[in-house]
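Chains A and B, in that order, are what the protein sequence lines are.
Taking full-length UniProt numbering, the leading residue of the first sequence gets 1, the next gets one more, and so forth.
Taking full-length UniProt numbering, the leading residue of the second sequence gets 1, the next gets one more, and so forth.
2 protein chains.
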Amino acid sequence: MLRLGILGTGKIVQEFLPHLAELDFEAVSILSTPRSVERAERLAAQYHIGRCVTDYDEMLQSEVDVIYVALPNHLHFSFAGRALEHGKHVICEKPMTSNVDELRTLIDVAKKNRVMLLEAMTLYHLPAYQAMRRDLAKLGPIKIVSLNYSQYSSRYDAFLQGIVQPAFDPAQSGGALMDINVYNIHALVGLFGKPAAVQYAANIARGIDTSGIALCRYPTFQAVCVGAKDCASRQTSVIEGERGVLSIEGPVSCMTGYTIDYHDGQREVHEENNPPYRMVPEFQAFARILNEQDWAYHDTLMAYSLESAQILEDARRCAGVRFPCDSF
Amino acid sequence: MLRLGILGTGKIVQEFLPHLAELDFEAVSILSTPRSVERAERLAAQYHIGRCVTDYDEMLQSEVDVIYVALPNHLHFSFAGRALEHGKHVICEKPMTSNVDELRTLIDVAKKNRVMLLEAMTLYHLPAYQAMRRDLAKLGPIKIVSLNYSQYSSRYDAFLQGIVQPAFDPAQSGGALMDINVYNIHALVGLFGKPAAVQYAANIARGIDTSGIALCRYPTFQAVCVGAKDCASRQTSVIEGERGVLSIEGPVSCMTGYTIDYHDGQREVHEENNPPYRMVPEFQAFARILNEQDWAYHDTLMAYSLESAQILEDARRCAGVRFPCDSF
Chain A
1 MLRLGILGTG KIVQEFLPHL AELDFEAVSI LSTPRSVERA ERLAAQYHIG RCVTDYDEML
61 QSEVDVIYVA LPNHLHFSFA GRALEHGKHV ICEKPMTSNV DELRTLIDVA KKNRVMLLEA
121 MTLYHLPAYQ AMRRDLAKLG PIKIVSLNYS QYSSRYDAFL QGIVQPAFDP AQSGGALMDI
181 NVYNIHALVG LFGKPAAVQY AANIARGIDT SGIALCRYPT FQAVCVGAKD CASRQTSVIE
241 GERGVLSIEG PVSCMTGYTI DYHDGQREVH EENNPPYRMV PEFQAFARIL NEQDWAYHDT
301 LMAYSLESAQ ILEDARRCAG VRFPCDSF
Chain B
1 MLRLGILGTG KIVQEFLPHL AELDFEAVSI LSTPRSVERA ERLAAQYHIG RCVTDYDEML
61 QSEVDVIYVA LPNHLHFSFA GRALEHGKHV ICEKPMTSNV DELRTLIDVA KKNRVMLLEA
121 MTLYHLPAYQ AMRRDLAKLG PIKIVSLNYS QYSSRYDAFL QGIVQPAFDP AQSGGALMDI
181 NVYNIHALVG LFGKPAAVQY AANIARGIDT SGIALCRYPT FQAVCVGAKD CASRQTSVIE
241 GERGVLSIEG PVSCMTGYTI DYHDGQREVH EENNPPYRMV PEFQAFARIL NEQDWAYHDT
301 LMAYSLESAQ ILEDARRCAG VRFPCDSF
């Protein structure tokens, strides 16, 4: 059983904890800010987490094997980095870091300390995604990829009134690209690798992209990723090939199936063996990778993280979205 | 009754002629190549067209009021130009010309000869489009526009085997942008005017774009137009605003309705008073404009044509799709 230290008490942690019992992880401690101690204690009691701490060093000096970083984006780098330096494996929420420099630094620290660094990108571990990946060849040569994740954020109302929460704060590495389009970008990278060039046309307010369109050019096809927090739509994504089109309804990050329509009128509906919750297969994969020390798969996932980070950075540079920690 | 001379005997003319009786036009002659004389004579007999000609001068010297140019794209300029020089009004199929220079020349000739020049873009005259245009304000500030017209072309099979028909021939001003994405571009222009910048990522084979994605940046929102002849999809288009999203199923050029989904869960389904055929309201509008000499509306439509031509040219320049008649 891998001993897990959890950083943060936010939405994702609250969603994750009820599923912990199904996983090969034991949550041994949870870190909160002094302000959120009460919530941390409530969660600890409910999910039998041994220790609540507000001092990160205390957690790092305890018998924790893996640190799960579920903090606002801009804190990923320093908190993951300190864990790696202490010889702890790290599972870090997406996006792993604010920019490529930070990610390269983390990778170096992880290597030096011979520990694993894993990005919590549910997508790669979903059965529907994996089946889709195998089915791509059925489409014939691919020509157009169009991914849409537009979700009106409950926090956008506040943003319009001048209250800037982390998801819209450049100082906290927020924005539609980092927060939501990141899923589309990872899907592209996982399915097709890194594009030859990226352009990002964004709607910018208070220095942050509230929505935007990333155009990704590949040598033999063209792709577009729409991510929005200031408007919504049906979140339909399509991969169009010479023989047929594959459609996904809903965000790719929680995809449970897909449909292939061939030009000859035939249709295949794929509903995969879906997990109880999208984080379950992800943490099952992480447990296996960590237990078996599967460095090959670890490195494959790391390559996806690095390529995605490069796209996100290229896109931000193109749109002029700059974070305080950026050197560009 | 306006006396119409029809240039061409292709698919669009064959679709149009059955509806001519509903319109304030009398087809007095039809021009064909010597190779297509038989088809022209068959159409003339069926639809009571007075004269079949293979010599354009013969038509231009006859008592024709309006020339309808339904020839391959690269011939629009010269045939429309000669009509205008002869003092005939011109209705020209889309795209009006191969590039902006040609269009500016035609506009000058039309002005000098005090005749009208109208692009046969069905979209602007469709009741559903006009209702949608009025309803845009309901969406709140618009953030993302995504238009998709992907239609696998029956001619693409031949193209893959090396048989290049006009729609895929750079020498005939073909390609996915000119042939199919042009509808999305006109929709954008009609609804929102000219974008601040355009990028076009295209799939190129034999010097032509078989599909592509045009990214159009506006000061306050971002738009993407997908047009494909080498793959297909559901052809869903969306206009996403802060208050709701407007969706169109099927190509915008034949839109018969649209749906608005508000973020609060309310839905409006709009099915407009649809015409028997999409070219009917267009030619009704042209008859009115010509009969009433409505220069104001003529000039509005001409501005759309010019702005669209500029986008198409900018996009082709960006993707390196060049026609023999281009000076860039």
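Glycine is no exception: its CB is placed at the ideal position from the N, C-alpha and C atoms.
Assigned exposure category for residue i - 16 Cβ within 10 Å defines buried
| i | result |
| --- | --- |
| residue 279 of chain A | buried |
| residue 1 of chain A | exposed |
| residue 181 of chain B | buried |
| residue 296 of chain A | exposed |
| residue 42 of chain B | exposed |
| residue 273 of chain A | exposed |
| residue 220 of chain B | exposed |
| residue 40 of chain A | buried |
| residue 314 of chain B | buried |
| residue 27 of chain A | buried |
| residue 55 of chain B | exposed |
| residue 154 of chain B | exposed |
| residue 327 of chain B | exposed |
| residue 108 of chain B | exposed |
| residue 35 of chain A | exposed |
| residue 93 of chain A | buried |
| residue 316 of chain B | buried |
Pair within 8 Å by beta-carbon distance, residue i and residue j
| i | j | result |
| --- | --- | --- |
| residue 66 of chain B | residue 290 of chain B | yes |
| residue 30 of chain A | residue 45 of chain A | no |
| residue 189 of chain A | residue 308 of chain A | yes |
| residue 177 of chain B | residue 200 of chain B | yes |
| residue 233 of chain B | residue 173 of chain B | no |
| residue 123 of chain A | residue 225 of chain A | no |
| residue 251 of chain A | residue 208 of chain A | no |
| residue 126 of chain A | residue 302 of chain A | no |
| residue 298 of chain A | residue 118 of chain A | yes |
| residue 264 of chain A | residue 245 of chain A | no |
| residue 284 of chain A | residue 23 of chain A | yes |
| residue 143 of chain B | residue 240 of chain B | yes |
| residue 91 of chain B | residue 68 of chain B | yes |
| residue 140 of chain A | residue 243 of chain A | yes |
| residue 304 of chain A | residue 128 of chain A | no |
| residue 72 of chain B | residue 166 of chain B | yes |
| residue 222 of chain A | residue 184 of chain B | no |
8 Å Cβ cutoff, residue i in contact with chain B
| i | result |
| --- | --- |
| residue 154 of chain A | no |
| residue 112 of chain A | no |
| residue 201 of chain A | yes |
| residue 159 of chain A | no |
| residue 308 of chain A | no |
| residue 224 of chain A | yes |
| residue 168 of chain A | no |
| residue 263 of chain A | yes |
| residue 198 of chain A | no |
Of the listed residues the options, nearest to residue i (C-alpha basis)
| i | options | result |
| --- | --- | --- |
| residue 47 of chain A | A:309, A:25, A:273 | A:25 |
| residue 10 of chain A | A:70, A:21, A:22, A:18 | A:70 |
| residue 97 of chain A | A:312, A:245, A:318, A:319 | A:312 |
| residue 75 of chain B | B:102, B:327, B:107 | B:102 |
| residue 205 of chain B | B:139, B:240, B:229, B:87 | B:229 |
| residue 282 of chain A | A:140, A:316, A:19, A:79 | A:19 |
| residue 131 of chain B | B:321, B:13, B:191, B:17 | B:191 |
| residue 372 of chain A | A:203, A:128, A:63 | A query on residue 372 of chain A cannot be resolved here, the shown segment of chain A reaching from 1 to 328 and no further. |
| residue 121 of chain A | A:187, A:161, A:235, A:167 | A:187 |
| residue 227 of chain B | B:325, B:17, B:175 | B:175 |
Cutoff 8 Å: residue i Cβ touching any chain A Cβ
| i | result |
| --- | --- |
| residue 213 of chain B | yes |
| residue 194 of chain B | no |
| residue 236 of chain B | yes |
| residue 182 of chain B | no |
| residue 151 of chain B | no |
| residue 204 of chain B | no |
| residue 144 of chain B | yes |
| residue 228 of chain B | yes |
| residue 217 of chain B | yes |
| residue 252 of chain B | no |
| residue 189 of chain B | no |
| residue 245 of chain B | yes |
| residue 328 of chain B | no |
Chain-ordered chain D contacts of residue i [CB-CB under 8 Å]
| i | result |
| --- | --- |
| residue 241 of chain A | In the structure shown, chain D does not exist; the protein chains are A and B. |
**Prompt:** Can you find at least 3 beta carbon pairs, one from the stretch 200-213 of chain B and one from the stretch 132-146 of chain B, that sit closer than 8 Å?
**Reply:** no
**Asked** Are the stretch 263-277 of chain B and the stretch 108-119 of chain B touching, with three or more C-beta to C-beta distances below 8 Å?
**Response** no
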